[in-house]
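Colleague: Pasting a structure below so you can have a look.
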């Protein structure tokens, strides 16, 4: 349903001939709420996805948001909603006997705070609540780049309908399907984190070979164009084709990461969605430390939900005795239902490069519950069900679930599972993992930079609240105009790289500088040009002198490992790389250059020259360069002797960098 007050005016006040605004119909649409939010606050042009699933709406909006981000349609999703409270809805819930009867409760000596008693043997329905809120979803990379507070990782979301029936509000168990699997006798190797890591390394190795081949093909193509009498090849052609190789390599690496990081378990009948989502982070079903129940306090729901969760834990092999604490928040918050106007409003990709997004945490039904799970992950404190004065004896059959009446302070919770059920066969589930599993995967420098950006944003947040509390500015700051003029509008819409600039005086974003676009690093054509010059000797020349080309993914160079750095780089190389603007890219470039030199010398000799094996240190090959000058290759120790025996005078090198990898070509000169 749409806005309850708008409905009252349409169906009651209009008949009673009371004054009603002429356009009241517009306030009854489901998408009106996100529309107002965008018109007043965001001014975005991304997808809008209204979601309605009764009491499971909030959880379903999270799933829609996650899928929208993973599909590439948006980078940031604001999902949330609100629910109104009016006598019409309250009366109908009462006639369905879904809510507790205040007269009967008072007659039994119950105070209002006791009238919602989930899991208790005397439970008699829920108490209604009213509220609104939201959650901000985005990729981990975007959150780190923006310095946002990361409260949890959405590892898994799912919705499911139930079987045939004639009752709309009847509880069902369709969400049990998230535990569906037919396990193999010896288990799938995909569940092994080390196995998946090895597969990703192999994919990256094949990617490096592909990049090297593409550079060779490009150099050969340029050489053919020159030989065809076209003279000098257009420099833009070289730059565009080089940029294409860089972007395609980045796309393929991203696809490989997706395959072996979070897509590997999908559509595998031997791995359930819950197990696969947990295994992505090296976790098992025993690592779920809390279950947030929909827990309305009705006779049917609490038993049905417990039955579903218990069966899931049993089927997935949770160890007996490892009880899963259940959290019932509605004894405290009441039941805000599913948000009559739940929504998923998505920012336009690239439109808000420095968007002031927080970690909105006041929300509805499942949204409130999700916030509760995030608080459990943050504090390790599992809140008790204070109104559980006497647990229902029927719940004792569920051996995997603990129903605490008092709070439990744990030493940490790794993952939490949330369920939400709505009228109309709407079952939903969200699995959230502790953000430490993300932070642990970051390089030390990246984490340090994130902390600095996070602290800066915290100061900005403090200033925002301070201005509001002191009355300088309102809490909700409504925008008066779009960030672009009507004349600029089409240009902004049709240019994916258009970027807004922040005006400190006006304290707003605008596209006043129409020339500003997203920063695009020009393609480094150094290696392409070097290969073109040596294109006639890509294999081995008549004198046995060859060239070598190597591609190195920056992410594979462990510069935080001091032992690795000391074994493979001289003091001069280390000093040069450490003082560069991007130390990781610099180390990666030198590593690629060393490998290219080995390949070039081996090609020149026509036989194996380096006998140290793949794990041998490369410190005896030194790559030095002055600013603006070509790299200089020097040899020491055994490497110097091997080169002299081959009568090699010198080795020329060239290094190119892209955002994801470094490429180097080495050419032997006799």
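In full-length UniProt numbering, the protein residues as written are 1 to 670. Just so it is clear, CB atoms sit at the ideal spot from N, CA and C, and this is done for glycine as well.
Run through the DSSP bridge pairs and tell me what residue 652 is partnered with.
Modeller: Residue 652 pairs with 632, 667.
Colleague: Please work out which residues of its chain come closer than 6 Å, Cβ to Cβ, to residue 6, disregarding the five sequence neighbours upstream and downstream, and give them in chain order.
Modeller: So the list reads 24, 27, 28, once near-sequence residues are dropped.
Colleague: Under the rule that 16 or more other beta-carbon atoms within 10 Å means buried, what is residue 189, buried or exposed?
Modeller: Exposed: under 16 other Cβ atoms inside 10 Å.
Colleague: Decide if residue 475 is buried, meaning its Cβ has at least 16 other Cβ atoms within 10 Å, or exposed.
Modeller: Exposed is the call here.
Colleague: What would DSSP say about residue 434, mapped onto helix, strand or coil?
Modeller: In this structure, residue 434 counts as coil in the three-state DSSP scheme.
Colleague: Can you tell which of 433, 420, 246, 186 has the C-alpha that lies nearest to the C-alpha of residue 554?
Modeller: Nearest C-alpha to residue 554: 246.
Colleague: Determine the DSSP secondary structure at residue 509, reduced to helix, strand or coil.
Modeller: If DSSP states are grouped into helix, strand and coil, residue 509 belongs with the strands.
Colleague: Ends of the alpha helix (DSSP H) at residue 550?
Modeller: Segment 547 to 553 is the beta strand (DSSP E) holding residue 550; no alpha helix (DSSP H) there.
Colleague: Residue ranges of each alpha helix (DSSP H) run of no fewer than 4 residues wholly in the stretch 208 to 292, ordered along the chain?
Modeller: Fully enclosed alpha helix (DSSP H) runs of 4 or longer: 235 to 261, 273 to 279.
Colleague: List the endpoints of the continuous alpha helix (DSSP H) containing residue 638.
Modeller: Residue 638 -> alpha helix (DSSP H) spans 637 to 645.
Colleague: Output the distance between the C-alpha atoms of residue 322 and residue 400, rounded to the nearest integer angstrom.
Modeller: Approximately 7 Å between the Cα atoms of the pair.
Colleague: What's the call for residue 471, buried or exposed, on a 16-neighbour Cβ count within 10 Å?
Modeller: It is exposed - the Cβ of residue 471 has fewer than 16 other Cβ atoms within 10 Å.
Colleague: Counting only the same chain and skipping the five closest in sequence on each side, list residues whose C-beta sits under 8 Å from that of residue 178.
Modeller: Hits under 8 Å: 156, 158, 160, 272, 273, 274, 312, 429.
Colleague: What are the boundary residues of the beta strand (DSSP E) that residue 624 is part of?
Modeller: Element bounds for residue 624: 621 to 624.
Colleague: Please go through the same chain and pick out, in chain order, the residues whose beta-carbon is closer than 6 Å to the beta-carbon of residue 672, but skip the five residues on each side of it.
Modeller: Missing from the structure shown is residue 672; the chain here goes from 1 to 670 and no further.
Colleague: In terms of residues, what are the limits of the beta strand (DSSP E) holding residue 416?
Modeller: Counting along the chain, the beta strand (DSSP E) containing residue 416 begins and ends at 415 to 422.
Colleague: By alpha-carbon positions, which one of 52, 204, 320 ends up nearest to residue 83?
Modeller: When only C-alpha atoms are compared, the closest one is 52.
Colleague: Of the residues 596, 116, 581, 513, which one's Cα is nearest the Cα of residue 329?
Modeller: Answer by Cα proximity: 116.
Colleague: Are the CB atoms of residue 658 and residue 526 nearer to each other than 8 Å?
Modeller: No, the pair does not count as a contact, with Cβ atoms beyond the cut-off.
Colleague: Would the beta-carbon of residue 559 fall within 8 Å of that of residue 597?
Modeller: It is not a contact, given that the beta carbons lie outside the stated cut-off.
Colleague: DSSP puts residue 128 in a beta bridge; with which residues?
Modeller: The partner list for residue 128 (beta bridge, DSSP) reads 335.
Colleague: Restricting to Cα atoms, I'd like to know which of 393, 435, 425, 421 is closest to residue 379.
Modeller: Among 393, 435, 425, 421, the Cα nearest to that of residue 379 belongs to 435.
Colleague: Exposed or buried, which one is residue 251 when buried takes at least 16 other CB atoms within 10 Å?
Modeller: Exposed: under 16 other Cβ atoms inside 10 Å.
Colleague: Going by beta-carbon coordinates alone, are residue 73 and residue 142 separated by less than 8 Å?
Modeller: No, these two residues do not count as a Cβ contact at 8 Å.
Colleague: Less than 8 Å between CB atoms is the rule here; does residue 559 satisfy it with respect to chain D?
Modeller: Here there is only one protein chain, and chain D is not present.
Colleague: For the beta strand (DSSP E) containing residue 153, list its first residue and its last residue.
Modeller: Looking at the DSSP string, the run of the beta strand (DSSP E) that includes residue 153 is 153 to 160.
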